[in-house]
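**Student:** Numbering (the UniProt record's numbering), first residue to last: 1 to 124.
Backbone N, C-alpha and C define an ideal beta-carbon position, used for all residues, glycine too.
Predicted model, so just to flag it, every value in this text is computed and none were measured.
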Amino acid sequence: MKSGQALIMLLVFVAVAITITTAAIMILFTNSQATADVYSGQSAYVLAESGAENALIRLLRDPGYTGGDTLTIGTGIATISVTGSEPKTITSIGTDGNYQRRIQIVVSLANNILSVISWREISP
Numbered sequence: 001m002k003s004g005q006a007l008i009m010l011l012v013f014v015a016v017a018i019t020i021t022t023a024a025i026m027i028l029f030t031n032s033q034a035t036a037d038v039y040s041g042q043s044a045y046v047l048a049e050s051g052a053e054n055a056l057i058r059l060l061r062d063p064g065y066t067g068g069d070t071l072t073i074g075t076g077i078a079t080i081s082v083t084g085s086e087p088k089t090i091t092s093i094g095t096d097g098n099y100q101r102r103i104q105i106v107v108s109l110a111n112n113i114l115s116v117i118s119w120r121e122i123s124p
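1. For THR95, which of helix, strand or coil comes out of DSSP?
2. Taking the continuous alpha helix (DSSP H) assigned at ASP37, which residues delimit it?
3. Considering only their Cβ atoms, is the gap separating SER85 from GLY68 smaller than 8 Å?
4. Is GLN100 near ILE90, with beta carbons less than 8 Å apart?
5. May I have the straight-line CA-CA distance separating ARG58 from TYR65, to the nearest angstrom?
6. Name the residue from ILE77, ILE27 and VAL116 whose alpha carbon lies nearest to the alpha carbon of ALA44.
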């Protein structure tokens, strides 16, 4: 080897190692951010489901229930509204941070019998 070639090879290997390490760190950061986003989205969905189930129970106890409640569960909230007379439409919005998910349930309530006509997630 000529004088100085070892130093040049060492610098090339260090540059390659730094590039690989930087790429790995960027991938880890991106994956952890995506995981946090998925968790917040799922949490918002669970909050919306909880609000919808709460509204169903309240309708069974009081057929005149119209919603307007906000439930705080952990760090999120569920906002409930009930519209219509027969059938009634329950809309529950779960919010966790910047994420929102909405559940809409259409129910029929006759002779103290609550029948679920549809239960679905809706777009904002």
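**Tutor:** Working from what's here:
1. In the structure shown, THR95 sits in a strand (DSSP, three-state: E or B).
2. Residues 5-61.
3. In this structure, GLY68 keeps its C-beta atom at 8 Å or more from the C-beta atom of SER85.
4. No, the pair does not count as a contact, with Cβ atoms beyond the cut-off.
5. One C-alpha to the other measures close to 7 Å.
6. For the residues ILE77, ILE27 and VAL116, the minimum Cα distance to ALA44 belongs to ILE77.
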